[in-house]
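Take a look at the structure below.
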Amino acid sequence: MTFLRPALAALILSTPFLPAQAGWTELGGNEQVTFYADFDGVNKSKDAVAIWTLVDSKKPRTYEGKVFSSVRTQFEFQCAGPKVRERETRFHAGAMAAGELVASYKVEEPAWEPVTGGTVKDALAQELCKPAAAK
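Residue numbers for the sequence shown, in mature numbering (1 follows the signal peptide of the UniProt record, and there is no 0): -22 to -1, 1 to 113.
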């Protein structure tokens, strides 16, 4: 999945998180997509923090020949580093993860990767890894 250019990422980081639709918080976007995260569904363990994200496309796209309008992905973050890995991705026919599930995959034994600065993943890591008192 391609993420934002540094200028757009800076815009996202400077914009307060805005409620979107039941559980989804808008992170920002561009003329093609809007990014969301489900902060209400965050799952914390001793070593990692898992969160579902949503990329809502303005126009339908295709994945392996199947048309979709939104993609939900579960990422797991390690705050030390920070590091990230993809756990699962689901492609939905409708906007905001609605409609038929047209494709999905789980990543078996995903590898940890460094979080790149200035990306949506970086913004998520910063928010998820804040000390509880700072949130």
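All C-beta atoms in this analysis are idealised placements derived from N, C-alpha and C, irrespective of residue type, glycine included.
Contact annotation, threonine 31 with threonine 51: C-beta distance approximately 5 Å; criterion of less than 8 Å satisfied. Going by beta carbons, aspartate 18 and glycine 1 fall inside the 8 Å limit.
Between alanine 103 and valine 62, the C-beta spacing is below 8 Å.
Sixteen is the threshold: when 16 or more other Cβ atoms of the shown chains lie within 10 Å of the Cβ of valine 93, as they do, the residue is buried.
In the three-state reduction of the DSSP assignment, glutamate 105 falls in the helix class, which pools H, G and I. For the 8 Å CB-CB criterion, aspartate 34 and valine 20 do not form a contact.
Within 10 angstroms of the beta-carbon of alanine 101 lie 16 or more other beta-carbons, which makes it buried. Apart from sequence neighbours up to five positions away, the residues of its chain that approach leucine 106 with a beta-carbon distance below 8 Å are Val20, Val27, Ile29, Phe55, Cys57, ordered along the chain. Annotated three-state conformation of aspartate 25 is coil, per DSSP. Here valine 49 is not near proline 38, since their CB atoms are 8 Å or more apart. Under the DSSP assignment, glycine 43 falls outside any beta strand (DSSP E); it carries neither an H nor an E label. In this structure, Lys22 is the residue among Lys22, His70, Tyr83, Asn8 with its C-alpha nearest to the C-alpha of proline 109. For tryptophan 2, the enclosing beta strand (DSSP E) has its first and last residue at 2 to 7.
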